[in-house]
Structure formats: structure tokens, C-alpha cells
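Report on the following structure.
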Amino acid sequence: MSADQLLDDVNAKLPRGYRARPFEDADREPIVDAGNAESHPMEHESADDWRYWENLNKDTQRRRLTVVAANGGVAGTGSIAVGMTPRPDGSQFVGMTVFKEHRRHGIGSALLNALEAEATRRGVPRLLAGTSAARPFALEFAAKRGYREIGRRIMSYIELASFDAEAWRSSLERIANEGIVLRTFSEIVAGKSEDARDAFWHDLWEAEGPMWDDIPFSTPTPHWPYEKFREVLDSPRTERDLSLVAFDGDHIAGYTLTGGSAPDGFTYMTGVAREYRGKGIAMALKVEALARAKAAGLRAMKTVNDEPNKAMRGVNIKLGYQPVPDHVELEKRLSA
Numbered sequence: 012m013s014a015d016q017l018l019d020d021v022n023a024k025l026p027r028g029y030r031a032r033p034f035e036d037a038d039r040e041p042i043v044d045a046g047n048a049e050s051h052p053m054e055h056e057s058a059d060d061w062r063y064w065e066n067l068n069k070d071t072q073r074r075r076l077t078v079v080a081a082n083g084g085v086a087g088t089g090s091i092a093v094g095m096t097p098r099p100d101g102s103q104f105v106g107m108t109v110f111k112e113h114r115r116h117g118i119g120s121a122l123l124n125a126l127e128a129e130a131t132r133r134g135v136p137r138l139l140a141g142t143s144a145a146r147p148f149a150l151e152f153a154a155k156r157g158y159r160e161i162g163r164r165i166m167s168y169i170e171l172a173s174f175d176a177e178a179w180r181s182s183l184e185r186i187a188n189e190g191i192v193l194r195t196f197s198e199i200v201a202g203k204s205e206d207a208r209d210a211f212w213h214d215l216w217e218a219e220g221p222m223w224d225d226i227p228f229s230t231p232t233p234h235w236p237y238e239k240f241r242e243v244l245d246s247p248r249t250e251r252d253l254s255l256v257a258f259d260g261d262h263i264a265g266y267t268l269t270g271g272s273a274p275d276g277f278t279y280m281t282g283v284a285r286e287y288r289g290k291g292i293a294m295a296l297k298v299e300a301l302a303r304a305k306a307a308g309l310r311a312m313k314t315v316n317d318e319p320n321k322a323m324r325g326v327n328i329k330l331g332y333q334p335v336p337d338h339v340e341l342e343k344r345l346s347a
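The sequence shown maps to residues 12 to 347 in the numbering used here.
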């Protein structure tokens with residue numbers, strides 16, 4: 012057997028004129044450009060965004076291949092990975108992109124067959140994947156190969172030029188009347204010793220745990236480890252002046268974590284402690300974060316919510332968030 016069975020499997024099935032090779036960092040730019048050309052403008056990313064998240068998610072089992080055409084240009088790519096947080100049942104993720112001008116030649120089938128064979132060698136019981144609802148050809152391709160829909164994630168955005176914070180002042184007054192105080196991350200840790208900062212970050216992570224557990228993920232997703240949480244917090248892409256904690260005295264009642272890269276912000280997480288829900292805290296956190304983002308000169312704020320999370324989606328809709336096409340989550344079981 013070859014030292015690289017995955018590559019051999021792909022190359023054995025690719026149509027004439029194409030070959031697979033190990034992924035190279037320089038492949039990111041053409042892959043991102045091809046994806047952006049078929050995506051909603053608010054879904055556009057950069058190769059540096061991709062590098063950032065991949066560096067944050069140090070997945071030792073990730074394998075990615077690049078398919079090149081006869082002229083040496085990138086025609087597509089495929090990958091298998093554990094993902095940001097390992098799934099309890101050992102499931103892994105597969106992903107594929109075939110550039111528009113190279114479709115319907117059998118490249119996608121060659122990639123997926125090889126990736127599934129690799130998953131079988133790894134003993135993976137179930138594969139997870141996903142695609143945009145705006146790409147019906149991709150959904151059809153997946154369905155024909157045994158993948159079924161298990162959920163949807165909805166990205167939405169608000170253009171901050173149209174956001175009027177004054178119209179939502181009552182939401183802030185409502186929680187203030189309940190004794191709830193909003194403070195930014197920057198304000199909270201200012202002047203604290205390193206030990207005191209570490210203690211607060213750990214308290215915040217622990218408070219987030221039950222909030223995370225209540226997110227209606229399509230498949231069980233463990234709370235991320237504290238080390239990864241801290242890595243995000245300490246990243247220059249986390250906006251500490253736009254990230255807020257709702258305090259009831261010294262108790263954490265809720266929080267929102269904001270990051271992103273200019274010109275847009277991104278709400279990574281907004282959660283409220285179970286005993287504080289129904290008091291308007293999530294709305295107030297969002298309103299304050301949006302007002303601060305607008306004052307900071309950002310163009311838009313984006314977020315992603317699972318389809319069943321009607322409460323948070325309702326907050327976003329009231330605030331004027333607009334959806335982009337759903338991200339359809341898929342699975343295929345490889346073993347019982």
C-alpha cells in the first residue's frame with residue numbers, strides 16, 4: 012500500500028487531465044476567490060480569514076488535497092477533519108469544492124469516494140458535511156450519495172448605517188430597572204492583575220457552559236475547552252470594546268462575544284443564564300454591542316444561529332437583521 016492512500020484513491024478516479032496533490036498554502040487564494048464568486052457578499056471571506064481560523068483550530072487529523080487541471084491551475088479541493096470540537100461519537104467532517112468551470116467531469120465523485128474511504132480507514136462512524144441552500148446542485152449531489160439533512164444554520168447581518176440605537180433605548184432601560192449592568196470586556200479587566208484577569212476569564216467560560224449546552228446544535232457539540240476559549244479571547248480579532256457582560260451584582264447573567272475583521276464585526280456568541288431568560292438581557296446586549304460597533308465605524312454586524320433557536324433569531328429579526336441563504340447541515344452514517 013502507498014504511503015498516501017488518500018492521494019492514490021483520488022488520482023485513480025480523476026478524469027483525464029486532472030491530478031491531485033497535497034494542499035499548499037498558496038491554494039487558498041484561488042479557492043477563496045471561487046467560493047466568493049458564488050456566495051452572498053456578506054459571506055465573503057479572505058484567505059487570511061481562513062488561515063486565522065485554521066491556525067486557531069489545530070486539527071492534527073486534518074487532510075486536505077488540491078485538484079489541479081492540465082495547465083496547473085487549481086480546479087478543486089477536498090478535506091477531512093475532526094473540526095473545531097471533537098464529536099463524542101468520533102464523527103468527522105468532509106468538505107469539497109469543485110470550481111464551476113470544472114464541474115460535471117467526475118471530480119467531485121472522485122474526491123468524495125476517496126474521502127469516504129479514508130474515513131473508513133480511520134474508523135469514523137459518521138461523516139458530517141454542509142452546503143448553502145443557494146447551491147441546489149450540491150444538495151442534489153450529496154443526496155444521491157447518501158447524505159441527509161440534519162439541520163440548518165442561518166447567517167444574518169445588519170448594516171449599521173441603518174441601525175438607530177435611540178429606537179432601542181427602552182431595552183437598555185428595562186434591564187437597568189432590574190439592576191442589570193452591562194460592562195465591556197475592556198472595562199472589566201482594566202487595572203486587574205494577571206491572576207485576577209485569568210480568574211475572570213475562567214468564570215466567564217464556566218458561565219458560558221450551560222448557555223452552550225442549550226444551543227440547539229444539529230449534532231451534540233461539546234463546550235469548547237478553556238484553552239481554546241482563551242485563545243479566541245486573546246486574539247487581535249476579538250473586539251473587547253464590543254464584547255459585553257451583563258452583571259447582576261457580581262453574578263454573570265449573560266454575555267456577548269464580538270470579533271470579526273474590518274469592515275465587519277461578527278457576533279460569535281450571545282447567551283443568557285437560564286435563570287435570567289425572559290428579562291430582555293439578550294436584546295439589551297445586542298443593542299449595546301450594535302451601538303458601539305456603529306460608533307466604531309464598522310459597516311455591518313454578522314451572526315449565525317441554528318434554525319431551532321427561535322428566541323435568538325427573533326431578537327435578530329426585531330433588530331433588522333437580514334438572512335443569507337441557509338447553511339444546510341448533512342450527515343452520512345458509515346457504520347451502525
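For every residue, glycine included, the Cβ atom is placed at its ideal position computed from N, Cα and C.
Out of curiosity, what's the CA-to-CA distance linking residue i and residue j?
i, j, result
"residue 12", "residue 132", "Unreliable placement is indicated for residue 12, whose pLDDT of 43 sits below 50; no coordinate value is reported for it."
"residue 334", "residue 341", "20 Å"
"residue 148", "residue 73", "26 Å"
"residue 309", "residue 57", "17 Å"
"residue 166", "residue 204", "38 Å"
"residue 269", "residue 338", "21 Å"
"residue 43", "residue 272", "16 Å"
"residue 331", "residue 174", "8 Å"
"residue 150", "residue 247", "36 Å"
"residue 207", "residue 261", "14 Å"
Keeping to the same chain, check which residues put their C-beta closer than 6 Å to that of residue i; ignore five residues upstream and five downstream.
i, result
"residue 129", "17, 91"
"residue 251", "196, 197"
"residue 20", "125, 128"
"residue 346", "136"
"residue 327", "167"
Where do the N-terminal and C-terminal ends of the alpha helix (DSSP H) with residue i fall, by residue?
i, result
"residue 82", "Note, residue 82: premise wrong, no alpha helix (DSSP H); not H, not E."
"residue 47", "39-48"
"residue 237", "237-244"
"residue 201", "It is not in any alpha helix (DSSP H) - residue 201 carries neither H nor E in the DSSP assignment."
"residue 298", "292-306"
"residue 66", "58-67"
"residue 149", "147-155"
What residue range does the beta strand (DSSP E) around residue i cover?
i, result
"residue 182", "Element bounds for residue 182: not the beta strand (DSSP E) but the alpha helix (DSSP H), 180-188."
"residue 32", "30-33"
"residue 259", "255-259"
"residue 316", "311-317"
"residue 163", "159-170"
Return yes when the Cβ of residue j is within less than 8 Å of the Cβ of residue i, no when it is not.
i, j, result
"residue 34", "residue 75", "yes"
"residue 85", "residue 36", "no"
"residue 137", "residue 343", "yes"
"residue 212", "residue 183", "no"
"residue 122", "residue 87", "yes"
"residue 94", "residue 107", "no"
"residue 193", "residue 65", "no"
"residue 349", "residue 154", "Since the first and last residues shown for the chain are 12 and 347, residue 349 lies out of range."
"residue 110", "residue 45", "yes"
"residue 26", "residue 117", "yes"
"residue 171", "residue 304", "yes"
Please list, in chain order, all residues of the same chain as residue i whose beta carbon is under 7 Å from its beta carbon, the five residues on each side excluded.
i, result
"residue 28", "80, 81"
"residue 292", "186, 191, 257, 264, 265, 283"
"residue 336", "51, 143, 144, 145"
Just confirm the distance between the C-beta atoms of residue i and residue j, as a whole number of angstroms; I'd bet it's less than 8 Å.
i, j, result
"residue 301", "residue 312", "6 Å"
"residue 102", "residue 162", "14 Å between Cβ atoms; not a contact."
"residue 216", "residue 96", "Not quite, the Cβ-Cβ distance comes to about 14 Å (not below 8 Å), so this is no contact."
Cβ of residue i within 7 Å of any heavy atom in the ligand ATP?
i, result
"residue 229", "As presented, the structure is devoid of all ligands, the ligand ATP included, so that no description of it is given."
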